[in-house]
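Okay, structure first, notes after.
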Amino acid sequence: MPQKLYEGKAKILYTTDNPEVLLTHFKDDATAFNAQKKGQITRKGEINCAIASQLFKYLENQGISTHFIAQTAPDQMQVAAVKIIPLEVVVRNIAAGSFVKRTGIATGTTLKSAIVEFFYKNDDLGDPLFTEDHIQLLELATPDQVIELRQMALTINQHLQKFFSDRHLTLVDFKLEFGCDQSGNILLADEISPDTCRLWDDLTADPTQKILDKDRFRQDLGNVAAAYEEVLARVMSQN
Ligand code: UDP
Numbered sequence: 060m061p062q063k064l065y066e067g068k069a070k071i072l073y074t075t076d077n078p079e080v081l082l083t084h085f086k087d088d089a090t091a092f093n094a095q096k097k098g099q100i101t102r103k104g105e106i107n108c109a110i111a112s113q114l115f116k117y118l119e120n121q122g123i124s125t126h127f128i129a130q131t132a133p134d135q136m137q138v139a140a141v142k143i144i145p146l147e148v149v150v151r152n153i154a155a156g157s158f159v160k161r162t163g164i165a166t167g168t169t170l171k172s173a174i175v176e177f178f179y180k181n182d183d184l185g186d187p188l189f190t191e192d193h194i195q196l197l198e199l200a201t202p203d204q205v206i207e208l209r210q211m212a213l214t215i216n217q218h219l220q221k222f223f224s225d226r227h228l229t230l231v232d233f234k235l236e237f238g239c240d241q242s243g244n245i246l247l248a249d250e251i252s253p254d255t256c257r258l259w260d261d262l263t264a265d266p267t268q269k270i271l272d273k274d275r276f277r278q279d280l281g282n283v284a285a286a287y288e289e290v291l292a293r294v295m296s297q298n
């Protein structure tokens, strides 16, 4: 019988009969600002599961190793069991969010080249920005793994930028998580969805209407579910 292994803010992880396989259930619950803001987005679980499944399949076809095995229900995904590396790997193409606050660079500024940031996955500490020295000190990943994570994140960025731009979406920034399988291979894990990416609609110039991601929820911009539905429609389209 499947047992609940872990419940996070947006997903629940269950065991299966096979110790190498886990089941992810995507929830409609939405949180922001380290869970200080809580709510629900209609159909988010199913939408994010479908988007993430499609993106994992696309990335696998581009040669990226991911934990994705299969979408087994509208809000359920079978994944390979991995040991999650406790880092949030953020890639940025355009200045937004915490990067703007930290650097003073104006929101919407295109960066000369994509940058990668590492945050320590630790709710008690509020997921602080970590340098490579911090990562080594806390032994979160080896120096070689950090090099690999950075390279994988930048390669994934190139593939996702193309995928989204073909669908008239600009990939502003996004967060990835990685895990190690039993052989020590690094796999892309967690999810890729409007919860974890900033996506701006190329088909409108209106700065508020452009936003099709969790910033609508964070900033109380309204039409949150409609934005997620729009991203799903674009992701599923053959462009
Ligand atoms: N992000 C995420 N989970 C987090 C923090 C950030 O998925 O716990 C995503 C976020 O949606 C955005 C990118 O990572 O696409 C960069 O987020 P940022 O550091 O700007 O933080 P925020 O402004 O969201 O607090």
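Position one of the sequence shown corresponds to residue 60 (this note's numbering), numbered consecutively onward. No residue lacks a Cβ here, since even glycine has one placed at the ideal position from N, Cα and C. As the structure is a prediction and not an experimental result, all values here were calculated from the model.
Comparing the CB of residue i with every heavy atom of ligand 1, is any distance shorter than 7 angstroms?
i: residue 103; result: no
i: residue 158; result: yes
i: residue 254; result: yes
i: residue 22; result: Nothing can be reported for residue 22: it is not among the residues displayed for the chain, which extend from 60 to 298.
i: residue 147; result: yes
i: residue 96; result: no
i: residue 129; result: no
i: residue 116; result: no
i: residue 63; result: no
i: residue 273; result: yes
Going along the chain, which residues of its own chain have a beta-carbon closer than 6 angstroms to the beta-carbon of residue i, five neighbours each way excluded?
i: residue 234; result: 147, 149 and 255
i: residue 126; result: 138, 139, 141, 246 and 248
i: residue 220; result: 230
i: residue 260; result: 269 and 271
Going by DSSP, what residue range makes up the alpha helix (DSSP H) through residue i?
i: residue 173; result: Here residue 173 belongs to no alpha helix (DSSP H); instead the beta strand (DSSP E) covers 169-179.
i: residue 254; result: Run containing residue 254: none; DSSP gives neither H nor E here.
Taking residue i as part of the beta strand (DSSP E), name the residues at either end of that continuous run.
i: residue 139; result: 135-139
i: residue 72; result: 70-74
i: residue 96; result: 96-99
i: residue 299; result: Since the displayed the chain opens at 60 and closes at 298, residue 299 lies outside it and no answer follows.
Spatial neighbours of residue i within its chain, please: CB distance less than 7 angstroms, with the 5 preceding and 5 following residues excluded, ordered by chain position.
i: residue 98; result: 89 and 276
Just to confirm my understanding: we take residue i, look at its own chain, exclude 5 residues before and 5 after, and list those with CB closer than 8 angstroms. What are they?
i: residue 213; result: 150, 173 and 175
i: residue 159; result: 165 and 166
Would you tell me roughly how many angstroms separate the C-alpha atoms of residue i and residue j, rounded to the nearest one?
i: residue 69; j: residue 85; result: 6 angstroms
i: residue 163; j: residue 266; result: 19 angstroms
i: residue 161; j: residue 227; result: 29 angstroms
i: residue 241; j: residue 268; result: 44 angstroms
i: residue 279; j: residue 96; result: 11 angstroms
i: residue 201; j: residue 263; result: 43 angstroms
i: residue 128; j: residue 271; result: 27 angstroms
i: residue 92; j: residue 154; result: 19 angstroms
i: residue 281; j: residue 251; result: 22 angstroms
Stretch-stretch touch, CB-based, cutoff 8 angstroms, three pairs: the segment 130-148 with the segment 68-85
yes
Across the segment 274-290 and the segment 100-118, are there enough close Cβ pairs to call them in contact, namely three or more that are closer than 8 angstroms?
yes
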